[in-house]
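Protein chains in written order, with the numbering used here: chain A, 3 to 261; chain B, 2 to 657; chain C, 13 to 349. Please read the structure below before turning to the comments.
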Amino acid sequence: MSTGSELRFDDVVVRFGDLAAVDHVSLVVPEGEVVGLVGESGSGKSTLARAAVGLVPFEGAITLGGEPVPTRGRRRPVQMVFQDPQSSLDPRMSIGESIAEAIPPGSSRAERRAEVARLLELVHLDPGRSAARPSELSGGQRQRVALARALAGRPSVVVADEITSALDVSIQGAVLNLVRELQRELGLSMLFISHNLAVVRYVATRVAVMRHGRIVEQGETARVLADPEHDYTRELLAAVPGGHRAAVPTSTEPSRSTP
Amino acid sequence: MRRWTAVLRTPLGLAATVLTVVVLLLALLGPLLFGDAASADDTDNLLAGPSGDHWAGTDNLGRDIFLRTLVAARLSIGLALAATAIAVVAGLVLGTASFLLGRRAGRVVVAAVNIAVAFPGLLLALFFAVIFGVGALGAVLAIGAAGAPAFARLVQTLVAGVAGREYVDAARVSGVGRLRILVRHVLPNIAEPLVVNATIGAGGALLSFAGLSFLGLGVQQPAYDWGRLLFDGVSLLYVNPAAALAPGAAVLLAGLAFNLFGECVAKGLGVTTPASVLAPRPRGLSATAGTAGPSVPEAPTDDEHVGDDVVLDVRDLEVSFPGPRGVVRPVRGVSFSVRRGEAVGVVGESGSGKSLTALAVARLVGEPGRVDAERLELLGTDLQGADTRAQRRLLGTGLSLVFQDPATSFNPTQRMGPQLAEVSRHHHDLDRRAALARAVDRLRSVRITDPERRARQYPHEFSGGMRQRAMIGMGLMGSPSLIVADEPTTALDVTVQQQVLDLLAAIREADDVALVLISHDVAVVREVCDRVLVMYAGRVVEDLPAADLASAARHPYTRALVAAVPDMTTDLEQPLATIPGRPVDPADVPAGCAYADRCPLASARCRTEDPPLETDAAGRRVACWHAGEPIELSTGLEDAEDAGDDVHERETVEAL
Amino acid sequence: MALGEAPAAVTVPARTPGTGLWSRPWVRFAARRTGRLLGSLWVLVTASFLMIHLIPGDPVRNSLGPTASAELVAARRAELGLDDPFLLQYWHFVQGLFTGDLGTSLSLRLPVYDVVTQRLPTTLALALLGFLVAVAIAVPLGVCMGVLTRRGHGRRTELGFTTTSVVLGLVPDFLLGVAFVYVFGVGLGWLPVAGNTTPSAYVLPVLSLAIGPAAVLARIVRVEMVAVLQADFVRTARAKRLPDRTVYLRHALPNALTASLTLGGLLLGSMVAGTVLVENVFAWPGLGSTIVSSILAKDYPLVQAIVLVYGAGVLLVNTAVDVALALLDPRSMIRED
């Protein structure tokens, strides 16, 4: 599925008028790994994500396996999952149609139907429910459909932008478990954006800390959290509720890459 | 479709619909039925007044004005619809252009529409009437062109609303073309408001057309529409008023019909419920019969020691709202007390009733909500009494409130200083100068730098964290014994969250102020509070020391809640716990324990009998028949799925 | 009481010292708003200039009729300057606006400038009075209704008010005018129904002009008042246990008014154009009667000038509304349009 698919940001700048929302950012998402991107509101992390999928114009280079990420045409190897489960699915389309729309063209109707069923199963939803409307689903279920839609594009990399922050605590866990499972079983690479350090710690092998449009620190998650080099990272860690007691992960084993 | 038929059930909606149908039928059939009679000259009755033969009299050729009014329906309505069609098509082209053309070219179209829309339709219609010429065709083009900018603006707004939604971004990321996105995602989602507004627009066009014809700029003799009849009739006003009143009434009725029909449909399609402000989750009101679950009185707690140092004492608090299918009780028999200097956390998911509990304590549940309690005392004063000045002063100065969203909690049109100062102006009778000085002092006390300058600024000039600190400062204008903070840090960044929590802690320490901290974030509550109340479906299900949350919680919901959220010590090798199903809808609380459907320990007894909140020797309370029994915490997605689907399917089936 | 400047806090706007003029919100607002006004004025001037060129066929032949001699048509073309190069005509047109030389009315054979300046005051008087009456009715009514029908209160009052105001708002001013003429002029004979010679002659035209917009505006004010009364900051004000009067007047009203103005601004602008129909009903000797007769007479120079005046009037009203908004709600200055 992913051959030579390292997502690389090289000196990326995104400007909104005079403001550089993303300011000379370089970042690598290695093949088969989940890279966490943390930062507070306004740090530019979502803008960076939108640049990766071509939703905002940027300067610099964003490459996938050495080639620029295509932002025109039907083949889109970088896919994105958005924050708000209320608005992430078209209320007028069945969830099956939403997923099918993202399948690259060229397959027959039956193939598409089978693919939709396979994807629904992959995110632990009953394939028989493909005719359901988004309004019939809970927030967590919608977010899983959104993941399935992203996977339908046969992506090499998925960008997940705050996908759990709008969910009730009792269903956040299910989505996080699914993210880890997909990464392990499919070897999916991911740029996982969150303001929540504990969540990033749980899913990401590497982490980058962003502030005022710049990346102030990046490295192995275990290392960055245990031994932060930048003051801002330390500040973030100290601010995690209950965080000052134990900022060190219990498992420092970084062997959670492709099985 | 149900929403459309709902329009027919209101008297106004029914009247408007019937009127619209009648008008449309008249337009279709009028000329066929009365065409000949309306053009027959009755030379014996020139310019006659109303009579049995001619209900509205006759014109200068002896033609029956009433019949001519009926026949004119077709031309009047046909022209109005044609003009509306022009306006809608032109508006759609202009309105979607900015979406299709992309940023730069789109901006030009938007600017052009913005300028055009500032000019009133009548002025534009006159302008175009000059260009297109006097007459029916010219008037149709003029009114159509004049209506286009307003419609374009509407389409732009609607398109922008949908285009900003994430499913449109998702489609773009999938490589779907702009035109296809417009057709598949955008247009279907704006179709309803478009149709409604086109209907209202048709009513407007009808009236505008009558206006142009009335000025002599529209339909010309020998053709006639209502406006033309009115134009002719007004000159006869002193001879035969009915000649003007008949077409005038026709214009008015037809215009009203279209407009009211559109308005009623618009109202029917928009979802507005009067109780939607404080009643959580109005969407849930579609569930089963509105019998809220039986309110089980809590176990007698009178034996619990209530000392002199109790700041807040709440017994059997209930909040209810009238719902479409009976009374909804989002808070059902909550009892707790808070001692001087104590920090009590209240955790629960959305809809658990935690925020309403806070509002009820502060006596801020607005109508139509109802608050009942066996006891509701602040500093020994009963808050359920009359709304006296003494009570207002007690609540205004002894109780301090901090709300979730500091961005919307200040009056945007007033400077910060006076907003704080008015507390002292009113409750301490300070003059403006002294009150403002105190406000500046309080701002300084909540660590706002340069408070003199800040006091002269507007709320939007403050950052989010600063606003929340100012909100706390406002609570300190009095000398509060209790601070109730409802999700005070949810809208803030983590580093700012820490500052606000530290500030609250410092205030508690300095003045022995008690704190009730409401939060969905178990970690925050665990860090800040001494004691935690866990709420589920409007009840307190567990009351325990914060230190026991992680290790010694006994209620299965509390334990799942703690395990479902990763913190900085979560074992990376284990999947997170999940809670199957979804939170209980306050309008549909099941019999028995509300948590039973999601609980791995649930037995038959749990589904029939709601467990009382029992107090143990150490003063901890829990409401569970299986408190403390060992659990295999659910981590599987399938479990969550099945339960969720069950709940869901039931809801949808009943909604049909 | 260390601060000597406390009372001034209410009037002096907060600003960061020494960061340049451009950083001040009101400077940016004034610049942006002036730019938009000038841009709109340019569009208006250009549109009214183009009007005569957009007419299909030969406008002069249209206006003089098919029987007019070729010499007359040629002479009229020359008089209107239509034989000059296009850009030169545009230049003359713009120049004329600054010098007051707007050409000669074809039907009245008088300078357009004189006709317009003579009739403008009567129209202005009508529009301004209509304006004041509409606002004077709508704001207190809307606020009272908002308080009475807040959150579930007074369902019947709300239904009655909404229905009445919807219906009244829909009655076009000219129909209302005709009805007034019939009832008060023909039937009761209480009030004059034509001309503007006596003060009592203003009553019916002003009411015809104002009642519809007043009804719509009152409805907007009510809806905004109800919405504002549910806002978080009103809850804050209640939490401070201020008297109801203070909550309504100091916290709710300014915010309800700004929201109403945002929506109702266009309505006030449309009243400027509403005078056209009302003047024709009441034979009001203003620009509104003149524009209709000049359109019918194909008196293009006069039509152009009156369209310009009306358009400029609308733009001025819109600008005034925006300035009022900026004064009432400082956020509206920084809100990008």
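All C-beta atoms, glycine included, are put in the ideal place defined by N, C-alpha and C. Values in this document were obtained by computation on a predicted structure and should not be read as measured data.
Chain C contact for residue i (CB, 8 angstroms cutoff)
| i | result |
| --- | --- |
| residue 329 of chain B | no |
| residue 411 of chain B | yes |
| residue 488 of chain B | no |
| residue 393 of chain B | yes |
| residue 168 of chain B | no |
Neighbourhood of residue i by C-beta, 6 angstroms cutoff - its chain only, sequence neighbours within 5 removed
| i | result |
| --- | --- |
| residue 222 of chain C | 142, 145 and 146 |
| residue 208 of chain B | 256 |
| residue 486 of chain B | 403 and 518 |
Within 8 angstroms, strictly: CB atoms of residue i and residue j
| i | j | result |
| --- | --- | --- |
| residue 233 of chain C | residue 154 of chain C | yes |
| residue 224 of chain B | residue 85 of chain B | no |
| residue 443 of chain B | residue 474 of chain B | yes |
| residue 133 of chain B | residue 147 of chain B | no |
| residue 517 of chain B | residue 339 of chain B | yes |
| residue 340 of chain C | residue 269 of chain C | yes |
| residue 41 of chain A | residue 212 of chain A | yes |
| residue 470 of chain B | residue 439 of chain B | no |
| residue 322 of chain B | residue 370 of chain B | yes |
| residue 500 of chain B | residue 479 of chain B | no |
Residues of its chain near residue i, where Cβ-Cβ distance is below 7 angstroms and the 5 sequence neighbours each way are ignored
| i | result |
| --- | --- |
| residue 263 of chain C | 245, 246 and 249 |
| residue 72 of chain B | 31, 32, 35, 36 and 39 |
Assigned secondary structure, residue i (DSSP; H/G/I helix, E/B strand, else coil)
| i | result |
| --- | --- |
| residue 658 of chain B | There is simply no residue 658 of chain B to check, as chain B begins at 2 and stops at 657 in what is shown. |
| residue 676 of chain B | In the structure as shown, chain B begins at 2 and stops at 657. Residue 676 of chain B is therefore absent and cannot be evaluated. |
| residue 392 of chain B | helix |
| residue 12 of chain B | helix |
| residue 109 of chain B | helix |
| residue 621 of chain B | coil |
| residue 159 of chain A | strand |
| residue 553 of chain B | helix |
| residue 84 of chain C | helix |
| residue 107 of chain C | helix |
| residue 345 of chain C | helix |
| residue 463 of chain B | coil |
| residue 84 of chain A | coil |
| residue 521 of chain B | coil |
Buried or exposed by the 16-neighbour rule on C-beta atoms within 10 Å, applied to residue i
| i | result |
| --- | --- |
| residue 61 of chain B | exposed |
| residue 30 of chain B | exposed |
| residue 105 of chain B | exposed |
| residue 110 of chain C | exposed |
| residue 103 of chain C | exposed |
| residue 254 of chain C | buried |
| residue 296 of chain C | buried |
| residue 54 of chain C | exposed |
| residue 631 of chain B | exposed |
| residue 477 of chain B | buried |
| residue 139 of chain B | buried |
| residue 18 of chain A | exposed |
Any C-beta of chain B under 8 angstroms from that of residue i
| i | result |
| --- | --- |
| residue 58 of chain C | no |
| residue 220 of chain C | no |
| residue 188 of chain A | no |
| residue 178 of chain A | yes |
| residue 244 of chain C | yes |
Residue i beta carbon near the ligand SAM (any heavy atom closer than 7 angstroms)
| i | result |
| --- | --- |
| residue 431 of chain B | Among the ligands in the structure shown, none appear at all, so the ligand SAM cannot be discussed. |
Own chain partners of residue i with C-beta closer than 8 angstroms, once the 5 adjacent residues on each side are dropped
| i | result |
| --- | --- |
| residue 666 of chain B | Outside the shown range of chain B (2 to 657) lies residue 666 of chain B, about which nothing can therefore be said. |
| residue 663 of chain B | There is no way to answer for residue 663 of chain B, as the model of chain B reaches only from 2 to 657. |
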